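All residue numbers for the sequence shown refer to the numbering used here, where the first residue is 0 and numbers rise by one. Only one structure is covered here, and it is reproduced in the block below.
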Amino acid sequence: MRKAAIKKPTTSRRLVLRSRFPQRKGAALTAHAAATYAELERMYPDAHCELDYRNAYELTVATILSAQCTDKRVNMVTPSVFAAYPNAATLADAALGHVEELVNSTGFFRAKARSLVGMAQAVVAKHDGEIPHTMAELIELPGVGRKTANVVLGNVFGINEGVVVDTHVGRLANRLGFTKAIDPVKIEHALMPLVPSENWTMLSHLFIWHGRQICDARTPRCGICDLRPRCPSAPLDM
Numbered sequence: 000m001r002k003a004a005i006k007k008p009t010t011s012r013r014l015v016l017r018s019r020f021p022q023r024k025g026a027a028l029t030a031h032a033a034a035t036y037a038e039l040e041r042m043y044p045d046a047h048c049e050l051d052y053r054n055a056y057e058l059t060v061a062t063i064l065s066a067q068c069t070d071k072r073v074n075m076v077t078p079s080v081f082a083a084y085p086n087a088a089t090l091a092d093a094a095l096g097h098v099e100e101l102v103n104s105t106g107f108f109r110a111k112a113r114s115l116v117g118m119a120q121a122v123v124a125k126h127d128g129e130i131p132h133t134m135a136e137l138i139e140l141p142g143v144g145r146k147t148a149n150v151v152l153g154n155v156f157g158i159n160e161g162v163v164v165d166t167h168v169g170r171l172a173n174r175l176g177f178t179k180a181i182d183p184v185k186i187e188h189a190l191m192p193l194v195p196s197e198n199w200t201m202l203s204h205l206f207i208w209h210g211r212q213i214c215d216a217r218t219p220r221c222g223i224c225d226l227r228p229r230c231p232s233a234p235l236d237m
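Below is the structure:
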């Protein structure tokens with residue numbers, strides 16, 4: 000799962016907001032969100048978090064590693080990490096150099112290793128070795144921001160505290176006309192009022208799956224996209 004780094008649409012990509020749709024606001028925007036959610040739910044009935052994990056500790060580790068890295072690559076790395084450090088207590092005592100070796104292929108490995116060990120040490124010192132299950136406590140952990148906290152809360156604990164915003168979610172939020180914001184937190188706060196809170200975690204999964212399979216950053220497959228009739232960014236000549 001890549002950390003959000005959203006860029007404004009440009010005419011060179013041909014995906015710009017089109018005049019065929021008036022700018023949706025208020026009830027019209029909420030209705031657009033509901034219809035979009037329903038269509039994506041139909042398209043991706045099996046949408047889920049694609050990071051491999053068995054518990055809150057493992058998902059926290061995997062999500063930290065997923066920054067600027069694909070879930071596929073993270074899933075190749077985490078088995079070795081979890082074999083060496085099966086819980087927060089063992090990771091808290093880990094030699095930083097060894098952790099760096101294990102996570103090297105995920106990119107930014109030194110910073111990620113420091114975050115992992117620091118997170119584990121904080122969990123042991125402040126939470127008896129167990130990953131906390133509140134937003135306030137999670138974002139106090141080294142390497143854990145709102146995105147990681149939302150991933151863990153929503154997928155492990157079933158707590159919909161917010162919307163996970165990665166590059167796919169941010170891109171679709173822009174292209175579908177839900178927000179012009181490029182900051183992940185602003186995108187999250189723009190999306191949250193548009194769908195019921197119990198759907199926040201699934202909204203992220205649906206956007207991510209659609210972003211990976213259809214709405215690619217550089218070459219979106221608008222011609223086969225079922226959202227095209229209501230998408231303000233779809234090319235007019237289709």
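All C-beta atoms in this analysis are idealised placements derived from N, C-alpha and C, irrespective of residue type, glycine included. This one's a predicted model, so the numbers in the text were calculated from it and none came from an experiment.
Integer Cβ distance of residue i from residue j, believed to fall under 8 Å
{"i": "Glu-197", "j": "Asn-154", "result": "That belief does not hold up - the Cβ atoms of Glu-197 and Asn-154 are roughly 14 Å apart, past 8 Å."}
{"i": "Val-123", "j": "Ala-82", "result": "With a Cβ gap of about 19 Å, Val-123 and Ala-82 do not count as contacting."}
{"i": "Glu-187", "j": "Val-151", "result": "Between Val-151 and Glu-187 the Cβ distance is about 15 Å, and since that is not below 8 Å, they are no contact."}
{"i": "Arg-41", "j": "His-31", "result": "Not really, about 16 Å apart at Cβ, beyond 8 Å."}
{"i": "Leu-193", "j": "Leu-28", "result": "7 Å"}
{"i": "Asn-149", "j": "Val-162", "result": "7 Å"}
{"i": "Arg-217", "j": "Ala-34", "result": "Not a contact, Cβ separation roughly 27 Å."}
{"i": "Ala-94", "j": "Gln-120", "result": "So it is not a contact: roughly 13 Å between Cβ atoms."}
{"i": "Arg-170", "j": "Gly-210", "result": "6 Å"}
Sequence-distant residues of its chain with Cβ nearer than 8 Å to residue i (five each side left out)
{"i": "Ala-189", "result": "Ala-172, Phe-177, Thr-178, Ala-180"}
{"i": "Phe-108", "result": "Glu-99, Val-102"}
{"i": "Ile-63", "result": "Lys-111, Ser-114, Leu-115, Met-118, Gly-142, Val-143, Thr-147"}
{"i": "His-97", "result": "Ala-83"}
{"i": "Asp-185", "result": "Checking the displayed sequence, the identity of residue 185 turns out to be Lys instead of Asp. Cβ neighbours of Lys-185 beyond the five flanking positions: Thr-178."}
Cβ neighbour criterion (16 or more within 10 Å) applied to residue i
{"i": "Leu-226", "result": "buried"}
{"i": "Met-201", "result": "buried"}
{"i": "Pro-195", "result": "exposed"}
{"i": "Asn-54", "result": "exposed"}
{"i": "Ile-130", "result": "buried"}
{"i": "Gly-25", "result": "exposed"}
{"i": "Leu-140", "result": "buried"}
Proximal residues to residue i (C-beta, below 7 Å), its chain only, five neighbours per side dropped
{"i": "Gly-144", "result": "Ile-138"}
{"i": "Arg-220", "result": "Ile-213"}
{"i": "His-47", "result": "His-204"}
{"i": "Gly-106", "result": "Gln-67, Cys-68"}
{"i": "Gly-128", "result": "Asn-86, Ala-87, Ala-88, Val-122"}
Any non-hydrogen atom of the ligand GTP closer than 7 Å to residue i Cβ
{"i": "Lys-24", "result": "This structure does not include the ligand GTP; it has no bound ligands of any sort."}
Cβ-based neighbour list, residue i, same chain, cut-off 6 Å, excluding 5 preceding and 5 following
{"i": "Tyr-43", "result": "Leu-205, Trp-208"}
{"i": "Phe-156", "result": "His-132"}
{"i": "Val-80", "result": "Leu-101"}
{"i": "Arg-12", "result": "With a pLDDT of only 43 at Arg-12, under 50, the local geometry of the prediction cannot be trusted, and no value is derived from it."}
{"i": "Ala-61", "result": "Leu-50, Tyr-52, Val-73, Thr-77"}
{"i": "Thr-59", "result": "Ile-130, Val-151"}
{"i": "Cys-224", "result": "Ile-213"}
{"i": "Met-134", "result": "Ala-148, Glu-160"}
{"i": "Thr-10", "result": "Residue placement at Thr-10 is poorly supported in this model, since its pLDDT is 40, which falls under 50; the coordinates still yield a value, given next. Excluding positions up to five away in sequence, the list is empty."}
N- and C-terminal bounds of the alpha helix (DSSP H) containing residue i
{"i": "Leu-171", "result": "166-174"}
{"i": "Glu-57", "result": "55-64"}
{"i": "Asp-70", "result": "70-83"}
{"i": "Gly-96", "result": "95-102"}
{"i": "Gly-153", "result": "145-154"}
{"i": "Pro-183", "result": "183-190"}
{"i": "Gly-117", "result": "108-126"}
{"i": "His-244", "result": "What the structure shows of the chain is the stretch from 0 to 237, and residue 244 is not part of that stretch, so it cannot be assessed."}
{"i": "Gly-239", "result": "Because residue 239 is not part of the residues shown, which for the chain are 0 to 237, the question remains open."}
{"i": "Ala-180", "result": "No alpha helix (DSSP H) contains Ala-180, which DSSP labels as neither H nor E."}
{"i": "Ala-216", "result": "That residue, Ala-216, is in no alpha helix (DSSP H); it is neither H nor E in DSSP."}
{"i": "Leu-137", "result": "134-137"}
{"i": "Ala-90", "result": "In the sequence as displayed, the identity of residue 90 is Leu instead of Ala. Per DSSP, Leu-90 belongs to the alpha helix (DSSP H) from 87-91."}
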